[in-house]
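**Q** Just so you know, our numbering puts the end of the sequence shown at 719, numbered straight through with nothing missing.
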Amino acid sequence: MAPHVLTTPLSIGGTTTVRNRLYRAPVLEGAGSGPDAGRRYAKAFVPNAEAGVGLVVQGSSCLYAEGRTSPGMTLVHERERVLALAGMVAAVHAAGAAIWLQVGHGGIYAMEAWHEPYASGRKGPLLAASPLPKLLRPAFAGVPVHVMSTAEVEALCVRYGDVAAWAREAGYDGIQLGSANAKLLDQFLSPFYNHRGDEFGGSLAGRARVLRRIREEVGARAGWDYTVTVKLPAETAPPAMARTTVDETVQLARLVEDFGYDAVTPVEVSVFPDTTLSRGGIPTSLWRNKAMKTRFAQAAPSQLRRGVLSAGYVLGGVTHPFRPVWNRDLFKSVKAAVGVPVLAVGGIRTRDEADSILDGGEADLVGVGRPFYAEPDLAAAFLAGGGGPALRCQNSNLCVPAQMLGMKGVCYNPAVRSRSSQEGDG
Ligand SMILES: Cc1cc2nc3c(=O)[nH]c(=O)nc-3n(C[C@H](O)[C@H](O)[C@H](O)COP(=O)(O)O)c2cc1C
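Now the structure itself:
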């Protein structure tokens, strides 16, 4: 019998080789930007690698001093900060896994919009692709928003190239663009947000031009062989509102392949930054977990802002409950359209699911996100074979508010969390 694809190696771009097809999808660790960030990442990632995971995608890190969506997010806007993570990267390699740095910016959802003390310190203005959609204006009342000029978009693309070069220097095997989940790049890709009149707006190709320019800058600064990959959003939106459809996501996949990207990760997301990207329960921990409740009140003293954020979470949970492998139709369609590797993610919980995706040729890697919080060693059981066992994560989403509040990336579901994750809510 032919071996399962899951256990066979794969090369992605010029600088990434994965020993198997299981990757840790990007979820934040709350590692922050302090001198111990590398140690914190290593504590999470080295056990994953020791248990056999093929690739770790480090959660989104921010390429400007402002623009994080959480105080726990790592800043990579300076070379020294990226190089400070080199020891962690080497430790992950020593344990056998590859590692990519995900690079992003929150755009209008950066914490400078609503997260005290940053918001009242007016560290902004928030960077935006276009003026705020009307629907969002009440929630952003008083928050200064700056529509990026063409030159500023060009500078953003150059910064992506610089960060990629620093990531290469630090030993990362590649980078992934944080280009979904309603973040800045998604705000350029999405017709819900992007109404620009310059070359970075208009048609799908115009909205995607930012990805073309980033690919060029990464090639020029980090080397054309350096592995660079991209998340591709397919969006849901309120009725009659503009969004990126599945057909457009497939077209986008073809475009980015032409631009020279080495792999794509298609994901269904909302035009809002809610839990559509991590389908599951309503994160009631935001008002039930004492530490989260306190941090939330400090982060957003305005009741209106807290109300809007909580309502988004409730709506996300109600409209997008958990469904096993919910992105399947999307990644299958993209896989049929492109030649570069396609990374599957979203509700993949059993070995049987992984085998059916990979052996069926529906995608090239399978990603697991939330379950790693409770089971750092899950790769061992997953790779051992035999059909199961199912991962323990219940998709409660109780972990979700912790990441926006800068808390540790661990399992917050008392019914699930392992002893190793009970070390504190810090
Ligand atoms: C707490 C949390 C943080 C996340 N952070 C990121 C991120 O930084 N970048 C990203 O592209 N996706 C992020 N995601 C989405 C995950 O990578 C993944 O796509 C999603 O959780 C679905 O996979 P799962 O069902 O295996 O958890 C995050 C999800 C959660 C729950």
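A virtual CB, placed ideally from N, CA and C, is assigned to each residue, including glycine.
1) Select from Leu698, Thr529, Pro707, Val543 the residue whose C-alpha is nearest the C-alpha of Arg361.
2) CB-CB under 6 Å to Gly553, same chain, minus the five flanking residues each way: which ones, in chain order?
3) Give every residue of the same chain whose Cβ lies closer than 6 Å to the Cβ of Gly609, excluding the five residues on either side of it in the sequence, and list them in chain order.
4) If we require 3 or more residues per run, which beta strand (DSSP E) segments fall completely within the stretch 605-688?
5) Can you give me the start and stop residues for the alpha helix (DSSP H) that Thr522 sits inside?
6) Find out if the Cβ-Cβ distance for the pair Leu378, Tyr334 is shorter than 8 Å.
7) For Pro617, which option in Arg642, Val635, Ala593 has the closest C-alpha, if you only look at C-alpha atoms?
8) Could you check whether the Cβ of Ile468 sits closer than 7 Å to any heavy atom belonging to ligand 2?
9) Tell me whether the beta-carbon of Val436 lies closer than 8 Å to the beta-carbon of Glu550.
10) Assign Met404 to buried or exposed, taking buried as 16 or more other Cβ atoms, counted over all protein chains shown, within 10 Å of its Cβ.
11) Could you tell me whether any non-hydrogen atom of ligand 1 is closer than 7 Å to the CB of Gly464?
12) Relative to the C-alpha of Val607, which candidate in Glu343, Thr577, Ala383 has its C-alpha closest?
13) Can you tell me the Cβ-Cβ gap for Tyr408 and Ala592, rounded? I've got them flagged as a contact below 8 Å.
14) What's the gap between the Cα of Ala342 and the Cα of Leu394?
15) Which residue or residues does DSSP assign as beta-bridge partners of Gly467?
16) Report whether the distance from the Cβ of Gly639 to the nearest heavy atom of ligand 1 is below 7 Å.
17) Going by other Cβ atoms of all chains shown within 10 Å of its Cβ, with 16 needed for buried, is Met534 buried or exposed?
18) Just curious, the beta strand (DSSP E) that Arg317 is in, first and last residue?
19) Does the Cβ of Pro694 have 16 or more other Cβ atoms within 10 Å, making it buried, or fewer, making it exposed?
20) Quick check: the stretch 535-542 against the stretch 457-469, are at least 3 beta-carbon pairs closer than 8 Å?
21) Is Pro682 near Pro340, with beta carbons less than 8 Å apart?
22) Roughly how many angstroms separate the alpha carbons of Arg712 and Tyr666, rounded to a whole number?
23) Counting Cβ pairs, one atom from each stretch, are 3 or more of them under 8 Å apart for the stretch 364-374 and the stretch 437-444?
24) Shorter than 7 Å, the distance from the beta carbon of Ala330 to the closest heavy atom of ligand 1, or not?
25) Measuring only the C-alpha atoms, how far is Gly307 from Asn582?
**A** With the given structure in hand:
1) The residue among Leu698, Thr529, Pro707, Val543 with its C-alpha nearest the C-alpha of Arg361 is Leu698.
2) Within the same chain, and ignoring the five residues on either side of Gly553 in sequence, the residues whose Cβ sits closer than 6 Å to its Cβ are Arg508.
3) Only Asp567, Thr568, Thr569 meet the Cβ criterion.
4) Correct list: 658-661.
5) Run containing Thr522: none in the alpha helix (DSSP H); it sits in the beta strand (DSSP E), 520-529.
6) It is a contact, given that the beta carbons lie within the stated cut-off.
7) Comparing C-alpha distances from Pro617 to each of Arg642, Val635, Ala593 shows the shortest one belongs to Arg642.
8) Only ligand 1 can be found as ligands here, which leaves ligand 2 out of the picture.
9) No, the Cβ-Cβ distance between Val436 and Glu550 is not below 8 Å.
10) By the 10 Å Cβ count, Met404 comes out buried.
11) For ligand 1, not one heavy atom lies less than 7 Å from the Cβ of Gly464.
12) Taking Val607 as reference, the option from Glu343, Thr577, Ala383 with the minimal CA-CA separation is Thr577.
13) Before going on, a small fix: residue 408 reads as His here, not Tyr. His408 to Ala592, Cβ: 5 Å. Contact.
14) Annotation: Ala342 to Leu394 spans about 15 Å, alpha carbon to alpha carbon.
15) In DSSP, Gly467 forms a bridge with Trp393, Thr520.
16) Gly639 Cβ: within cutoff of ligand 1.
17) Classification for Met534: exposed.
18) Arg317 -> beta strand (DSSP E) spans 315-317.
19) Here Pro694 is buried: its Cβ has 16 or more other Cβ atoms, across all protein chains shown, within 10 Å.
20) Short answer: they don't touch.
21) Not in contact: Pro682 and Pro340 (Cβ atoms no closer than 8 Å).
22) Confidence at Arg712 is low in this model, with a pLDDT of 44, below 50, so its placement is unreliable and the value that follows should be read with caution. Rounded to the nearest angstrom, the two C-alpha atoms are 11 Å apart.
23) Note that the stretch 364-374 does not touch the stretch 437-444; fewer than 3 beta-carbon pairs, one per stretch, sit closer than 8 Å.
24) Checking every heavy atom of ligand 1 against the Cβ of Ala330, none is found closer than 7 Å.
25) Computed Cα separation, rounded: 45 Å.
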